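Scroll down for the structure; my scribbles are underneath it.
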Amino acid sequence: MSRPKRILLAGMSDVDVDNIREHLCNCDYQIRSVDVDVDVLDQLPAYQPHLILLDITLETFDAFELCKRIKQDSMALVLAVTPLCAIEHIQRAIDSGSDDFLSKPVHRVELRKRVESLLKLQDFV
1 MSRPKRILLA
11 GMSDVDVDNI
21 REHLCNCDYQ
31 IRSVDVDVDV
41 LDQLPAYQPH
51 LILLDITLET
61 FDAFELCKRI
71 KQDSMALVLA
81 VTPLCAIEHI
91 QRAIDSGSDD
101 FLSKPVHRVE
111 LRKRVESLLK
121 LQDFV
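The numbering of the sequence shown is full-length UniProt numbering, which starts it at 1 and goes up by one.
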């Protein structure tokens, strides 16, 4: 039996974390969340996430720079979570190395399909 894929939720509000956990509750994922006060990069070596859902809307840190650092320091794929129709955020996220994006509010089916697709892709990396 294979081990569950590890997902790190970074920089998200408690409400967003709860929603995402609920949307993915029946999936075989190990999900951990980190506050913006915690250095996400410090979590990478020990947790070794397969996928990071990174909220790029919080202003307490530079999420785009963080995305670049994540891509430099780990093999994890990054799914940027953006406000609905925030084209400038989507463009900056992709330019920063994000592998895909997801608009808020997060919908269950879209979240599951994007996560599944990225994790399948990660198996080939």
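A virtual CB, placed ideally from N, CA and C, is assigned to each residue, including glycine. Fair warning: this is a prediction, and the values are worked out from it, not measured in the lab.
Which same chain residues, not among the five before or five after residue i, have their C-beta less than 6 Å away from its C-beta?
{"i": "Phe101", "result": "Ala80, Thr82, Ile90, Ala93"}
{"i": "Tyr29", "result": "Pro4, Lys5, Ile7"}
Taking 7 Å as the limit between beta carbons, can you name the residues of its chain near residue i, skipping five residues before and five after?
{"i": "Lys31", "result": "Before going further, note that residue 31 is Ile rather than Lys in the sequence given. The answer, listed in chain order, is Ile7, Leu9, Arg21, Leu24."}
{"i": "Ile87", "result": "none"}
{"i": "Ile56", "result": "Ala63, Phe64, Ala80, Val81, Thr82, His89, Ala93"}
{"i": "Gln48", "result": "Arg6"}
Taking DSSP's pairing of strands, which residues face residue i in a bridge?
{"i": "Thr82", "result": "Ser103"}
{"i": "Ser33", "result": "Leu9"}
Give the secondary structure of residue i by DSSP, where H, G and I count as helix, E and B as strand, and everything else as coil.
{"i": "Arg3", "result": "coil"}
{"i": "Ile56", "result": "coil"}
{"i": "Leu118", "result": "helix"}
{"i": "Leu77", "result": "strand"}
{"i": "Leu51", "result": "strand"}
{"i": "Pro19", "result": "Per the sequence shown, residue 19 should be read as Asn rather than Pro. Helix."}
{"i": "Asp39", "result": "coil"}
{"i": "Phe64", "result": "helix"}
{"i": "Asp28", "result": "coil"}
Use the C-beta contact count for residue i: other C-beta atoms within 10 angstroms, 16 or more gives buried, fewer gives exposed.
{"i": "Leu53", "result": "buried"}
{"i": "Asn2", "result": "Note on identity: in this sequence residue 2 is Ser, with Asn being the wrong assignment. Exposed."}
{"i": "Cys67", "result": "buried"}
{"i": "Ala46", "result": "exposed"}
{"i": "Ser74", "result": "buried"}
Can you name, in chain order, every residue of its own chain whose Cβ lies under 8 Å from the Cβ of residue i, other than the five neighbours on each side?
{"i": "Ile70", "result": "Val40, Leu41, Leu44, Ile52, Leu54, Ala76, Val78, Gly97"}
{"i": "Cys85", "result": "Ser103"}
{"i": "Val106", "result": "Asp16, Asn19, Ile20, His23, Val81"}
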